[in-house]
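One structure below.
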Amino acid sequence: MDVKGNSNSSSSTTQSDEEMMGDLRRGPWTVEEDFKLINYIATHGEGRWNSLARCA
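Counting the sequence shown from 1 gives a position; my numbering is that position plus 5.
In structure tokens form, the structure reads like this:
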């Protein structure tokens, strides 16, 4: 099925994802990162990942 206007949407999304991944560090979290996450969850509750991402 061909949808007008969406031919480039997946390629632009992929490009944006790749640009964002450039600063991504893989591997174990630091003690500081663990502490920040624990404090965020204690303050805002579990399951608020979208909010966490906006605050990061």
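All C-beta atoms in this analysis are idealised placements derived from N, C-alpha and C, irrespective of residue type, glycine included. Values in this document were obtained by computation on a predicted structure and should not be read as measured data.
Looking at C-alpha atoms only, which residue of the options is the closest neighbour of residue i?
i   : options          : result
A61 : G32, E51 and L42 : L42
Secondary structure at residue i, three-state DSSP: helix, strand or coil?
i   : result
T35 : coil
A58 : helix
L42 : helix
Is the Cβ-Cβ distance between residue i and residue j less than 9 Å?
i   : j   : result
Y45 : L29 : no
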